[in-house]
Structures are given as structure tokens and as C-alpha cells.
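Residue numbers (our numbering): 23 to 513. Reading through the C-alpha cells given below for one structure.
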Ligand SMILES: Cc1cc2nc3c(=O)[nH]c(=O)nc-3n(C[C@H](O)[C@H](O)[C@H](O)COP(=O)(O)OP(=O)(O)OC[C@H]3O[C@@H](n4cnc5c(N)ncnc54)[C@H](O)[C@@H]3O)c2cc1C
């Protein structure tokens, strides 16, 4: 007798796990199974050391506010990301009140942008002027005053030329988030829910669509080597870098034309308490010309498992693997007739990206250290170690005009009936997991999402559900204040 599921979630990172918690609440008693190929959960991109832990709220990340041809600054993406992060905060606050989240997983760390050069400074000033009319950003401070900046980030200002003009913004309400801790707690909660099963060491190998619209999911037990099959009415592929190959195996027509290019991230890490003590912020600079936005240099305060550290990076690395624990055949194995042209077109148009990646890979440790010294002039090599963080798979997509384009956000690909969905891409990632999962539900369960039953349950989890935190300024202030109180954050 084969197992019948209502929902199968593939991968035990923050995405599938968030969806699992929401769906269990919406459909109590439903049979939900999570399959994870590794023995532990949150061990790929959601692992604390594999990402930067920035609660992405567009306070400091300059790639979310591009400069327009007329000199204005577009903030629509920033508004979207900031309000999505507020939704995540509400969900985590709800889970904390429900005693699902028990570990220390979030702390206040001011978010700053740090720029020099006349063009950059005028951009930052304009960005600040455009953002601060919104409650989401109204507490953002702008400064060009050396001493004021030094009071915010003393370590970065030591041994720096006072006469070199710089522009800095600072948002006190920024956060550092341990996405692994959140995932671990959500998995522990799910394991105690009726109807939910979490299976580790089980790799999903493929799918077969059934005549009634449901899915046969093919599994391999990695300990015994045995194959197995389960059935499900709905399948969500939240397998991080492993999502593209599984999307291809589903055979859904909506997945055609997608390709992926793996880029690994490296960070420099410092664990010296005396140095950490001098830097209480996440400071983001500007990505180098031609480089992808996820390459913005940043010097970050982190707290993982109660221990403080500093990170600087990311530096890009090249790898053929889609997951840190993947195989060198991942990239070549993902090439299909339908995605080869989009991938080649991206290679042709995005020459700057390729140049950047090659440059990054060729860098020596000394050269990497030079970049750190731009942000922390007194840094000493002996206090920093280089390590490899998580793997990202940049999405490439078929495009009528260009042949293929690089997609920089996340993308949900689902079939028309809404019985299968996969999540590709990584940015802004874990911070906006809750809004991304709402999008999955809107795409795949539109009728149920319109019912009072689901709306009431969603409002219980997200008090601002259905309302705009961008347009309703007072609601935004009240929401941030309420979640700050529950999560123990500065407002
Ligand atoms: C260097 C770096 C820095 C980042 N910094 C930030 C940041 O500061 N802030 C932020 O919000 N986001 C950040 N991100 C993005 C964030 O880490 C990801 O968006 C998020 O962790 C993705 O979660 P996920 O659940 O989709 O994937 P993952 O956490 O990678 O989980 C996917 C899971 O699926 C499993 N899996 C894969 N294939 C299969 C299969 N066939 N069968 C069964 N299981 C399978 C994997 O083993 C894995 O456990 C960063 C990412 C990187 C790489």
C-alpha cells in the first residue's frame, strides 16, 4: 500500500518548513510529508554559517533601489522587500507566542549603507530623501559627518582620511537573523503535529503525474539504497539549489526554458571578541561595476548559537555544484535543448558578470584581504579566516527579445492546476520566506485562500494580512512596534 499524502514538501530548509507550518495551520489533520536528503535539517543555504543572516529589509542593500536614467531612485522593490520582512517578523512573533520558536534567533543590529565618491554620495542622499516619507523607512538617518559616523562604526573610521567625503545611512531597526534556528524549531514543531511526518536521508529522485492530477514521488533511502514511491495531491519543491533539476524532472511545461548557474559564496570570519566589540552594525557597500547584486561587500555583526562574530564578504567562487553537498555533474546535467539557448544568450549579454566571476576566482587571499581593508583599514590578516558559505543558483530564463535573461530574485514556477510548484533563486531569500510562501498558496490554492476560514487563520498568524504596510503608515508603525516587543528588538 503506497503512502497517500495531501502535501509533499521537498527539502527541509526555511522555505519548505515555513510552508509546512502555514499549511498545517490552514489544513489541520492533513497528511503532510517533508523529505530531506541530508541527515540534518537546515544544513544547506539555511545553515547559519552558509548565509549572512541579514534580515533583508532594504534598509542598507543598495541593489534594491536602482538609480534611474533621470537621476531619480526607484524604491518600489525596496518597499516590497521591507513590507515582506515585516510579514516575516509577524509570523515569527506569532510562532514565538505559540512557543514554537524557542531559540534566540533574531537580534537588533543597525543596518548601514556606506559610500564614497560624489556620484555615490548624491545617489545615497537622493535614496534617503525618496525612502523616508514612508513609515517603513522613516527612522533612517543620513550623515556625512565624520565624527557622527565614527560614533556609529568606530572600527571602520579608525585610520581613515577625515577629508575624504562619504555618505552613510543608518537604520537602527535592522536585524541579524539565525534562519537555521528558526528552521530547526519549526521542524521540531511539525514533528509533533498530527498528520505531519519529517523524513531525513530521503532523496527525491523524480515524479510521475497521475491520471487524476496527483503526483507519484520517487524516493531513495540514502542509508539503505532502497527506492520507494509515495503519492501526493500537492508537491512543493523547496530544495534550494536542488530545485532546478527536480523541476526539470517534473516535466511541467511551465518549467521549460529555465537554466541555472551556480555561484558559491565565501566570507572572511573574525571571532576575536575585542574586534567584534568595536563593530555593532551590518554595513553594506556598493557592488563593483558589472558584478551581480549579491556581491555587494558587507561587514556584518553576527550572532550564531549565542556566539558573536564578524563576517566580511561575500567573495564569489565558481563551482559546478548546485548544492554545497551536490555533484560536479549538477550544471552539465541541467542542460537541456530548451535551456541551452537562454543560457548561451545570458553568457553573451552578461559579459560583465563572467569577468567579475573570473576575477573573483583568481583573487589571492591577500587581494581579498585588500577589499576588507577598504571597510576596516586596521584589519589584520591573522584575525580573519576565509570559509565557504552556501551555494546559490542564479536563474536564467528564456526571453523573447534577448534569448535569455538572468533573473535576480526568486521565482515560483507552478503548473496550471496548482498541484506542483517549485521555488528557484535565492534573493532576498530567507528573510521574505513567509511572503514567498503566501505567493505559492495564492498560485496553487486560490479558491481556498479566498475562504473566510483560511483568511481568518492567516490573519491570526499575520495580523496585517490583506492590508498594505506601505500605504497604511500607522499600521506599519504599530506592527513593527508590536513585533519588536514580542521578539525583543529595538523599534
Ligand atoms: C552566501 C549566501 C548568503 C546569503 N545571505 C542571506 C541573507 O543575509 N539574508 C537572507 O534572507 N538570505 C540570504 N541568503 C539566501 C538564503 O540563505 C536562502 O534564500 C534560503 O536559505 C533558501 O532556503 P531553502 O529552504 O530554499 O533552501 P536550503 O536551505 O538550501 O534547503 C534546501 C534543502 O533541500 C534539500 N534537497 C535538495 N535536493 C533534494 C532532493 N532531491 N531530495 C530531498 N532533499 C533535497 C537540501 O539538502 C536542503 O536541505 C544567502 C544565501 C547565500 C548562499
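Where is the CB? At the ideal position from N, CA and C, for every residue including glycine.
Answer yes or no: do residue i and residue j have a C-beta to C-beta separation smaller than 7 Å?
| i | j | result |
| --- | --- | --- |
| residue 288 | residue 335 | yes |
| residue 404 | residue 419 | no |
| residue 117 | residue 126 | no |
| residue 397 | residue 509 | no |
| residue 189 | residue 53 | no |
| residue 434 | residue 462 | yes |
| residue 431 | residue 447 | yes |
| residue 226 | residue 417 | no |
| residue 37 | residue 260 | yes |
| residue 175 | residue 304 | no |
| residue 202 | residue 68 | yes |
| residue 292 | residue 342 | no |
| residue 344 | residue 263 | yes |
| residue 74 | residue 86 | no |
| residue 209 | residue 63 | yes |
So, with DSSP's three-state summary, where would you put residue i?
| i | result |
| --- | --- |
| residue 45 | helix |
| residue 284 | strand |
| residue 482 | helix |
| residue 230 | strand |
| residue 442 | strand |
| residue 134 | strand |
| residue 290 | strand |
| residue 508 | helix |
| residue 502 | helix |
| residue 39 | helix |
| residue 263 | helix |
| residue 32 | strand |
| residue 430 | coil |
| residue 412 | strand |
| residue 304 | strand |
| residue 392 | helix |
| residue 298 | helix |
| residue 242 | strand |
| residue 276 | helix |
| residue 318 | coil |
Measuring from the CB of residue i, is there a heavy atom of ligand 2 at a distance below 6 Å?
| i | result |
| --- | --- |
| residue 284 | You won't find ligand 2 in this model; what it holds is ligand 1. |
*Could you say if the segment 51 to 63 and the segment 224 to 243 meet the contact criterion of at least three C-beta pairs nearer than 8 Å?*
yes
_Contiguous beta strand (DSSP E) assignments of at least 3 residues, all confined to the segment 79 to 118_ = none
*Segments assigned beta strand (DSSP E), at least 3 residues, entirely inside the segment 140 to 223*: 163 to 165, 188 to 193, 197 to 199, 218 to 222
*If you pair each beta-carbon of the segment 95 to 111 with each one of the segment 445 to 460, do three or more pairs fall below 8 Å?*
yes
_Given 8 Å, three or more beta-carbon pairs between the segment 226 to 236 and the segment 167 to 181_ = no
*Please confirm if the segment 264 to 277 is in contact with the segment 132 to 145, defined as three or more CB-CB distances below 8 Å between the two stretches.*
no
_If contact is defined by three or more beta carbon pairs under 8 Å, each pair taking one atom from either stretch, is the segment 276 to 285 in contact with the segment 354 to 363?_
yes
*Within the segment 326 to 390, note down every full beta strand (DSSP E) run reaching 3 residues or more, in order along the chain.*
329 to 340
*Check whether the segment 183 to 203 touches the segment 77 to 88, taking contact to mean three or more Cβ pairs, one atom from each stretch, closer than 8 Å.*
yes
*At 3 residues or longer, and completely inside the segment 448 to 499: list those beta strand (DSSP E) runs for me, N to C.*
none
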